[in-house]
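**Student:** I have a structure I would like to understand better, so I am pasting it below and will then ask my questions one at a time.
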Amino acid sequence: MKSNFKSWPVIVVLTLVSLPLLIMFTFQLVDTFTNPVPGSIWPESFTVEHWRFLWEEPELGRSSIWVVTWNTFVFAATTAVAVTTISLTAAYALSRLNFPARRFFLGGLIILHAFPTITLIIAIFLILQFLGLYNSLIGVILVKSALELPFGIWIMKGFYDTVPWEIEMAGVQDGASRFTVWWKLVLPQVQPGLSALLIFSFLSGWSEFVLPLVLAPGNEAQVLSTYLSALILDDTKPDFNLFKSVGMFYAIPVIAIYLIFQKKLMNIYGGGSKG
């Protein structure tokens, strides 16, 4: 009871800070299913017309929402798997192996992560054109994965550093190979970091806007972020209720991921144990 009494001011403050966001989110959700009276915030009638993009054929020159959603999922999922897979092995080597220029490599990771994406966009554009990957989904995936790797490697190295050497030495002395020790003894210890990195990498790919806009402007490689941009920048009269509905559709997977994996995300600092 005493602990709960001390925590209620924090809960009140967090509620007050979050209240504007909750109100805006509620009004956006209501607007997607209603037609408000001009000049009023109160809805006039219920309708599902603003969600017509889910079942109607797309307009000429515009991609289907389901094709765009599939592109977004492939982009986010492939990026997440690539970043997580490479980070797991690279971070283990940086944490456990003492090879030449190791400290220089670690410093280089921080420098690479410090560069804003927009400062590298011209060089990336020229490289993709030279490789024939411009305006393709695979090109954007490679670029996004490369830009996310420094952060992923650094995070996973921190988790590997918390795993005691004794766990690995015990496995090696029992006759297990180095790979078996890493796979069966070390990876379970860094599972919170692995889960968090996979989730954050997926969400980062899901919300990416600049790279698909500049490096894959065609309809074939369009993702939901650029689809939304095309809606609001339409030459004809913008349909703001349609824009809100597509935005809500875009946000649903993110909300679902946070609700499903919130315990994993809260355990991000739960690294290795000495047990």
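Using the UniProt record's numbering, read the sequence shown as starting at 1 and increasing by one per residue.
Note that beta-carbon positions come from the ideal geometry of N, C-alpha and C, so glycine has one too.
(1) Report yes if the CB atom of Thr226 is closer than 7 angstroms to the CB atom of Leu242, and no otherwise.
(2) Nearest to Phe209 by alpha carbon, out of Leu197, Ser201, Gln222?
(3) Can you tell me where the beta strand (DSSP E) with Glu44 in it begins and where it stops?
(4) Which of the three DSSP states is assigned to residue 310 in this structure?
(5) Can you give me the start and stop residues for the alpha helix (DSSP H) that Leu94 sits inside?
(6) If we count the other Cβ atoms within 10 Å of its Cβ and call it buried at 16 or more, is Phe200 buried or exposed?
(7) Kindly indicate the opening and closing residues of the alpha helix (DSSP H) around Leu54.
(8) For the region 142-154 against the region 75-84, are there 3 or more C-beta pairs whose distance is under 8 angstroms?
(9) Return the CA-CA distance between Leu259 and Phe130, expressed in angstroms with no decimal places.
(10) For a test of the three-state rule: what should DSSP assign to Val254, helix, strand or coil?
(11) Within the continuous alpha helix (DSSP H) that includes Arg103, where are the two ends?
(12) Give the range of the alpha helix (DSSP H) segment to which Tyr134 is assigned.
(13) What whole-angstrom Cβ distance do Phe75 and Leu19 have, given they're in contact under 8 angstroms?
(14) In terms of residue numbering, what span does the alpha helix (DSSP H) encompassing Thr226 cover?
(15) To the nearest angstrom, how far is the alpha carbon of residue 362 from that of Tyr134?
(16) Determine, using beta carbons only, whether Leu211 and Val143 come nearer to each other than 7 angstroms.
(17) Cα separation between Ile121 and Leu109?
(18) Nearest to Leu197 by alpha carbon, out of Pro9, Trp165, Trp55, Ser87?
(19) Beta carbon of Ile141, beta carbon of Thr78: below 7 angstroms?
(20) Are the beta-carbon atoms belonging to Thr34 and Phe25 less than 7 angstroms from one another?
(21) Alpha carbon to alpha carbon, what distance is there between Leu106 and Thr15?
(22) Under 7 angstroms Cβ to Cβ from Leu185, same chain only, skipping five residues before and after it: list those, please.
(23) Per DSSP, what kind of secondary structure is Phe179 in: helix, strand or coil?
(24) Count the other C-beta atoms from every protein chain shown that fall within 10 angstroms of the C-beta of Trp206, then say buried if there are 16 or more, exposed otherwise.
(25) Can you tell me whether DSSP reads Phe240 as helix, strand or coil?
**Tutor:** In short:
(1) no
(2) Gln222
(3) 43-46
(4) Given that the chain is displayed from residue 1 to residue 275, the structure contains no residue 310 and the question cannot be resolved.
(5) First-last of the alpha helix (DSSP H) with Leu94: 65-96.
(6) buried
(7) Taken as a continuous stretch (DSSP letters only), Leu54 belongs to no alpha helix (DSSP H), as it is neither H nor E.
(8) yes
(9) Cα to Cα, Leu259 sits roughly 42 angstroms from Phe130.
(10) Reduced to three states, the DSSP call for Val254 is helix.
(11) 102-114
(12) From DSSP, Tyr134 is part of no alpha helix (DSSP H); its letter is neither H nor E.
(13) The pair is not a contact, with the Cβ atoms about 34 angstroms apart (cut-off 8 angstroms).
(14) 224-232
(15) In the structure as shown, the chain starts at 1 and stops at 275, and residue 362 therefore has no counterpart that could be examined.
(16) yes
(17) 19 angstroms
(18) Residue Ser87 is the option with its Cα nearest to Leu197.
(19) yes
(20) No, they are not a contact pair.
(21) 40 angstroms
(22) So the list reads Ile167, Glu168, Gly171, once near-sequence residues are dropped.
(23) helix
(24) buried
(25) helix
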